[in-house]
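FYI, in the working numbering the residues of the sequence shown are 14 to 200.
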Amino acid sequence: NIGGLSFNEELAKEYLAKSKYADPASRPRIIVTIPGTGGSPGLDTEVISDMWKETLGVEVEIQQVEWATYLQDMNRKRLQLWAGSGWQADYADPQDFIDVLFYSKSDVNHGNYSNSEVDDLILEARTEIDNNRRFLLYNQAEQMIVDDAAIFPLWFDTDGYALVKPWVKGYEFTPIIVPKFKDVEIN
């Protein structure tokens, strides 16, 4: 089990005071980029922006760009902050999240997260043949990533619903988006 971060206004203010964003007079613009083609940026992004302003006195601009531009800028590491991206596992294994998204030399580590201890755990997990030990290594790395606040997931997809006709038997959900039909029968 991974322990999450709890709301701690005083700690947030302490971190802000130690950062380059401490002085409101010299604070650089803070821009959160989200994908979209106009309209409202989304209640989740607006709520977070309002909370930062209310709690920390930090003004955040929300910039909406088209999906192609968003992906291009994210891949080129041009975005200061972003929201609205997602990640779907290609296969049901922690490597597809921990290693791919948070290893410091990964091409899709868009946040430039870097922690040598996490990298060491990932490198060890890559070659560990004992699955229980391997999962423990990824679990330790994941806890460090959460503790470092490298990412804060806002929602999780629950693709666990489907309408299945009564004459279709043997359909089961998979932990990844690709359905498996090998045990499906039609009566």
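We treat Cβ as the ideally placed atom computed from N, Cα and C, and that holds for glycine. Quick caveat: nothing in here was measured; it's all calculated off a predicted structure.
**Item:** Nearest-angstrom Cβ-Cβ length linking E8 and I44, presumed shorter than 8 angstroms
**Value:** Residue numbering for the chain in the displayed model covers 14 to 200; residue 8 lies beyond these limits and cannot be assessed.
Along the chain, which unbroken stretches of the alpha helix (DSSP H) at least 4 residues long are found entirely within the segment 29-80?
56-69
**Prompt:** Taking all protein chains shown into account, do 16 or more other C-beta atoms lie within 10 angstroms of the C-beta of V181, making it buried, or fewer, making it exposed?
**Reply:** exposed
- Task: Return the chain-ordered list of same chain residues with a C-beta closer than 7 angstroms to the C-beta of Y116, the five sequence neighbours on each side being excluded.
- Result: N122, D132 and I135
Exercise for the section: Could you tell me the boundaries of the alpha helix (DSSP H) in which A201 lies? Expected result: Residue 201 lies beyond the range of the chain shown here (14 to 200); nothing can be said about it.
Where V121 sits in the DSSP three-state scheme: coil
Query - Rounded straight-line distance, which links the Cα of G52 to that of S32 - result: 33 angstroms
Exercise for the section: Specify the secondary structure class of L92 as computed by DSSP and reduced to three states. Expected result: coil
*Should Y104 go down as buried or exposed, given a rule of 16 or more other Cβ atoms within 10 Å for buried?*
exposed
Q. How many Å lie between I164 and E198 at the Cα?
A. 42 angstroms
- Buried or exposed: where does L219 fall if 16 or more other Cβ atoms within 10 Å of its Cβ makes it buried? It is not possible to answer for residue 219, since the shown part of the chain is limited to 14 through 200.
If I61 sits next to G97, beta carbons under 8 angstroms apart, how far is it from one beta carbon to the other, in whole angstroms? Contact flag wrong, Cβ pair sits at about 12 angstroms.
Check your understanding: In terms of DSSP beta bridges, what is K182 paired with?
Key -> E198
**Asked** Does the distance from the C-beta atom of I15 to that of V113 stay below 7 angstroms?
**Response** no
Just mark W100 as buried or exposed, buried being the case when its beta carbon has 16 or more other beta carbons within 10 Å.
exposed
Review point. For D133, which three-state DSSP category applies?
Key: helix
### Message
Please report the straight-line C-alpha distance between N125 and Y34, rounded to a whole angstrom.
### Response
19 angstroms
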